[in-house]
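Colleague: Numbered by the working numbering, the letters in the sequence shown go through residues 89 to 432 in order.
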Amino acid sequence: FCQNIEKEIRTSPKNVIFMIGDGMGLSHVHAAMTVSQKKLNLQHFPVIGLQETESSDNYITDSAASATALASGEKARNGVIGINPDGAFTESIIEVLIKQGFKTGLIATNTITHATPAAFIAHQPDRNMYEEIAADISNSGINIIIGGGLKHFTDRADKLNLVEKMKKQGYDFFEDVSQINSSRDKVLALTANSHMPFKINGRGDFLPVAVEKALYSLNKDNDKGFFLMVEGSQIDPACHNNDQEQFLAEMLDFDKAIGVALDFARENGETLVVVTGDHETGGVTVLKGNYETGEVKVNFSTKGHTGVMLPVYSYGPGSKIFSGFFDNTDFKERFIFSLNLENK
Ligand SMILES: [Zn+2]
89 FCQNIEKEIR
99 TSPKNVIFMI
109 GDGMGLSHVH
119 AAMTVSQKKL
129 NLQHFPVIGL
139 QETESSDNYI
149 TDSAASATAL
159 ASGEKARNGV
169 IGINPDGAFT
179 ESIIEVLIKQ
189 GFKTGLIATN
199 TITHATPAAF
209 IAHQPDRNMY
219 EEIAADISNS
229 GINIIIGGGL
239 KHFTDRADKL
249 NLVEKMKKQG
259 YDFFEDVSQI
269 NSSRDKVLAL
279 TANSHMPFKI
289 NGRGDFLPVA
299 VEKALYSLNK
309 DNDKGFFLMV
319 EGSQIDPACH
329 NNDQEQFLAE
339 MLDFDKAIGV
349 ALDFARENGE
359 TLVVVTGDHE
369 TGGVTVLKGN
379 YETGEVKVNF
389 STKGHTGVML
399 PVYSYGPGSK
409 IFSGFFDNTD
419 FKERFIFSLN
429 LENK
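This is the structure in structure tokens:
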């Protein structure tokens, strides 16, 4: 077992799957572990680290600043997408890898224009500039885009129809995740006008299916490699609601999507999977639990975010450098280092 793990963590990956549970802290994982009554996929990751999340102007980050840091290795002010405190555009790992010829993808259960996916490709001074962010996405060259937010592409102040524009660039367009033809290289799937519903309100298997379809498309006929970012977007709003049932359903759904990524990585052998959060939401503590019955009682200490450090779970070649204690600005250079780009 240990020899296999050594081999896995020391070599260089071809592909990276980066999965971000918005608002996911350690207590969220522990509560999900208790309610699930079987091992979570997260419990199979051999390498664990811790990341610190503060933004450039606040001990407590928001998702725009933290996603900018995760994506580009630079701190930003709260509310800002892909721009550093000096006003310069940051360069995300996805922007670097597109130039290098990698295939790339973004998946979210919120609108694809929301802070976390946006920070991987857009540059806007305010996270609420959804139509401007959609325009940035339409100029990005990302291969696979799956999430909500159709209205930001089609019902716009400037009257442009970005879906039609992207079809002309060679994207196949889908409004239902199950309809995605994953034999295609360029996929734009906008599956709700705004956010997808909460898991408990009928989202179904949207997220695991989206991950499976994206991985098939990105891996097909690909000698260079790919980078896929997947966001479990709605752990955060469920915790803003202080709703235990809602957030545990989101956690188990995110873990199911993690299982799809892990199965792919085990079979593929050349894929690094890294899972973390962007900040903790809800100040969640686990007060009571029973692993046999799956009962759990959590307490929320805030309706907002907290500054507590977050767990980082890694699997596959290159995973070892995601251990220890590091900053949310350290992910990008670690991805670049692990991909060993200069030798490709
Ligand atoms: Zn939040």
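Glycine is no exception: its CB is placed at the ideal position from the N, C-alpha and C atoms.
1. If we ignore side chains and look at the alpha-carbon of each, how far apart do Ser154 and His240 end up?
2. Which ranges does the beta strand (DSSP E) cover as unbroken runs of at least 3 residues, wholly within the region 199 to 246, from first to last along the chain?
3. Have a look at Arg291, Ser266, Ala280, Ala337 and flag the residue whose alpha-carbon is nearest the alpha-carbon of Ala302.
4. Comparing C-alpha positions only, which one of Thr417, Thr364, Phe342, Ile230 sits nearest to Gly258?
5. By Cβ distance below 7 Å, which residues in the same chain neighbour Gly113 in space, the five residues on each side in sequence not counted?
6. Pairing CB atoms from the region 118 to 130 with CB atoms from the region 404 to 423, are three or more of them under 8 Å?
7. Taking the Cβ atom as the reference point for each residue, do Ala196 and Gly235 lie within a distance shorter than 8 Å?
8. DSSP state of Asp260, grouped into three classes?
9. Flag Ser143 as yes when its Cβ comes closer than 7 Å to any non-hydrogen atom of ligand 1, and as no otherwise.
10. What separation, rounded to the nearest whole angstrom, lies between the Cα atoms of Lys402 and Ser270?
11. How far does the alpha helix (DSSP H) with Ala159 in it extend, from its first residue to its last?
12. Quick check on DSSP: helix, strand or coil for Tyr147?
13. Check whether the Cβ atoms of Leu316 and Gly237 sit closer than 8 Å, and answer yes or no.
14. Taking a cut-off of 6 Å, which residues have a beta-carbon closer than that to any heavy atom of ligand 1, in chain order?
15. Using the DSSP secondary-structure output, state which residues sit across from Glu383 in a beta bridge.
Modeller: To lay it out plainly:
1. In a straight line, the C-alpha of Ser154 is about 23 Å away from that of His240.
2. Within the region 199 to 246, the runs of beta strand (DSSP E) that reach at least 3 residues and sit entirely inside it are, in chain order, 232 to 236.
3. The shortest Cα separation from Ala302 among Arg291, Ser266, Ala280, Ala337 belongs to Ser266.
4. For the residues Thr417, Thr364, Phe342, Ile230, the minimum Cα distance to Gly258 belongs to Ile230.
5. If we look at Gly113 and ignore the five residues flanking it on each side, its Cβ neighbours are Gly365, Glu368, Val372, Val396, Leu398.
6. Contact between the region 118 to 130 and the region 404 to 423 is not established, with fewer than three Cβ pairs separated by less than 8 Å.
7. Yes, the pair counts as a contact, with Cβ atoms nearer than the cut-off.
8. If DSSP states are grouped into helix, strand and coil, Asp260 belongs with the strands.
9. Not so, every heavy atom of ligand 1 lies at least 7 Å from the Cβ.
10. According to the sequence displayed, residue 402 carries Ser and not Lys. Taking the straight line from one Cα to the other gives about 26 Å.
11. Secondary structure note for Ala159: its alpha helix (DSSP H) is the uninterrupted segment 151 to 160.
12. In the structure shown, Tyr147 sits in coil (DSSP, three-state: anything other than H, G, I, E or B).
13. No, the pair does not count as a contact, with Cβ atoms beyond the cut-off.
14. After applying the 6 Å Cβ criterion, the set is Gly111, Ser151, Asp324, His328, Thr369, His393.
15. According to DSSP, Glu383 bridges with Asn378.
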